[in-house]
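In the working numbering, the protein residues as written are 13 to 382. Don't be surprised by glycine CBs; every beta carbon is placed ideally from N, CA and C. Since the structure is predicted, the reported quantities are computational estimates derived from the model, not experimental observations.
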């Protein structure tokens, strides 16, 4: 049988053993936790440090001391071994703004995320700072990444886009970016207008087109436009061509080229209305054909007939006539009349006012073209 003293001894031994066991478990758990912390601490790409603010005799924050740093610390800020050192020992001219930023976190306890540059370090940082430890310790943890190259790339891209927009809106030619719509057979059947420049309106006469299908804007738009742009998407090759838009009453010189990824179905279109040029070319061709006819013709009336035919067909007229105006009798003698199919000949003598208005008669008699 156990005596009272033996029971007390056994209970004390059990208590001490249990306390030792609990402490051992806690220490093991702490070591495991610290091991995980340091593994994470040294394996991440971001720079990480714990700093403690340094104050002068007046209580003003003037510097900070590095308490801990991870292995990525030097890569991200370029500083040498820093643990235990003050920042101004390493970089004497570091900006006061950094001291003020970290001190505000240490004092207020409010975390801070910013992008900020340092001239002495020649770097721009994306950083997150938060207070650690007891408030009176004035310690701050800083997680940071050097984003200098990214910011340079962003500035270069912004400058490039600005230059692009300047060029985009300064050229006389119309320009638009479109997304081609394909039917089930894989043929271009429509397109959506994504972007236009300032000259687009002048070259087309169309407004408020962004985001809309061309079939909605121009229901009668010819299928050859869809098909051509669809081929640019499928082939991945640019093309230059001239074609007509009957609904717009314009003739275009067009350069179309693929933009972006093939699956986006995007095409850039640079174009110019050349209807005036095409008319001049057609008129010149007519004059050449008429001159050729005149050179091969011996008889005057035959010459008139051939010229009348060419002129009538060129202008899609119903009649083209040559006649002699007899002003003293207010008559016109139509010597030859070319007539479209199904139309009667107008050869004969007519009262002048049957063919002309009084103003046209006055213009004719004064030698003015009307």
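ask   = Does the Cβ of residue 215 have 16 or more other Cβ atoms within 10 Å, making it buried, or fewer, making it exposed?
value = buried
key: Member of 166, 132 and 123 whose CA lies at the smallest distance from the CA of residue 154   = Between residue 154 and the set 166, 132 and 123, the nearest pair of CA atoms involves 123.
inquiry  = For the alpha helix (DSSP H) containing residue 211, name the first residue and the last one.
reply    = 211-216
request  = Locate the beta strand (DSSP E) running through residue 367, then write down its first and last residues.
outcome  = From DSSP, residue 367 is part of no beta strand (DSSP E); its letter is neither H nor E.
message = Using only CA atoms, which one of 143, 270, 323 and 185 lies nearest to residue 120?
response = 143
message = Helix, strand or coil for residue 226? Go by DSSP, reduced to three states.
response = helix
message = What does the alpha-carbon distance come out to for the pair residue 136 and residue 127?
response = 7 Å
message = Please give me, in chain order, every unbroken run of the beta strand (DSSP E) with length at least 3 that falls completely inside the region 170-199.
response = 186-194
task = Within its chain, find whatever has a CB closer than 7 Å to the CB of residue 57; leave out the 5 residues flanking it on each side and keep chain order.
result = 84
task = Look at the alpha carbon of residue 207 and the alpha carbon of residue 141, and state the distance between them as a whole number of angstroms.
result = 42 Å
task = Report the partner residues of residue 271 according to the DSSP bridge assignment.
result = Looking at the DSSP assignment, residue 271 forms a beta bridge with 278.
message = Report the CB separation of residue 105 from residue 132 in whole angstroms; it is logged as a contact under 8 Å.
response = Sure, about 5 Å apart at Cβ, within 8 Å.
Nonlocal neighbours in the same chain, by C-beta distance under 7 Å from residue 114, ignoring five residues either side = 63, 65, 76, 141 and 152
query = Can you give the Cα-Cα distance for residue 331 and residue 325, rounded to whole angstroms?
reply = 9 Å
ask   = Alpha carbon to alpha carbon, how far is residue 249 from residue 323?
value = Taking the Cα positions, residue 249 is about 41 Å away from residue 323.
task = For residue 112, count neighbouring C-beta atoms within 10 Å of its own C-beta (all shown protein chains included) and say buried if the count is 16 or more, exposed if not.
result = In the assembly as shown, residue 112 is an exposed residue. Its beta-carbon has fewer than 16 other beta-carbons within 10 Å.
query = Opposite residue 157 in the DSSP bridges: which residues?
reply = 138
key: Residues of its chain near residue 80, where Cβ-Cβ distance is below 7 Å and the 5 sequence neighbours each way are ignored   = 61, 62 and 95
ask   = In angstroms, rounded to a whole number, what distance separates the CA positions of residue 337 and residue 354?
value = 27 Å
task = Report yes if the C-beta distance between residue 118 and residue 150 is below 8 Å; otherwise report no.
result = yes
task = Provide the residue span of the alpha helix (DSSP H) that contains residue 239, from first to last.
result = 235-247
inquiry  = Contact criterion: CB-CB distance below 8 Å. Does residue 242 meet it with respect to chain B?
reply    = The structure shown contains no chain B; it holds only a single protein chain.
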